[in-house]
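Going by the working numbering, the sequence shown runs without a break in its numbering and finishes at 126.
Worksheet for the structure shown next.
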Amino acid sequence: MPSSSPTLELQLQRVASAVQLHFAELPNRFAYVYRRHQGQAWECIAHRACSPCLDRKPLPSNTHVEYVVCYCDANGTITATTSVAHAYPNVLSPNSSRAHLRS
């Protein structure tokens with residue numbers, strides 16, 4: 024993956040039974056949302072995603088989950104990525120405000 028751009032931030036917010044991801048939508052680029060936990064491989068959870076995007080998969084109670092958004096051009100080439108955002112189950116409460124979470 025290309026290095027992340029400091030202007031492309033990923034924000035996480037806990038809502039009902041999901042994590043809501045907020046990210047920039049770039050012209051002529053498609054956003055792909057990836058998730059991983061405990062050092063496992065990145066899993067694409069949303070293709071050509073729009074912001075906000077919901078991840079309804081439950082957060083594991085004993086570890087954090089990482090998210091990143093990759094932006095691709097029409098050829099499928101990754102042209103930019105957000106910073107990696109970390110979701111900690113005990114920090115993202117359902118009533119928490121949106122927060123910038125960085126690597």
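Glycine residues also receive a C-beta, built at the ideal position from the N, C-alpha and C atoms.
Environment of residue i [buried if 16+ CB atoms lie within 10 Å]
i	result
LEU35	buried
THR86	exposed
THR105	buried
ALA37	It is Arg, not Ala, that sits at residue 37 in the sequence shown. Buried is the call here.
TYR90	buried
Under 7 Å between C-beta atoms of residue i and residue j
i	j	result
ALA54	LEU31	no
ALA41	ARG71	no
HIS60	PRO81	no
For residue i, the residue or residues it bridges with in DSSP
i	result
ALA47	DSSP output for ALA47 lists no bridge partner at all.
ARG58	GLU66, TYR90
Sequence-distant residues of the same chain with beta carbon closer than 7 Å to residue i, five excluded per side
i	result
CYS76	LEU44, VAL56, ALA69
Nonlocal neighbours in the same chain, by C-beta distance under 6 Å from residue i, ignoring five residues either side
i	result
THR102	TYR94, ASP96
SER74	HIS45, PHE46, GLU48
Where residue i sits in the DSSP three-state scheme
i	result
GLN63	coil
ASP78	strand
CYS127	No information on residue 127 is available, as it lies outside the stretch 24 to 126 that the chain covers here.
THR104	strand
ARG37	strand
GLU32	coil
ALA97	coil
Residues near residue i in its chain [Cβ-Cβ closer than 8 Å; skip 5 each side]
i	result
GLU66	TYR57, ARG58, ARG59
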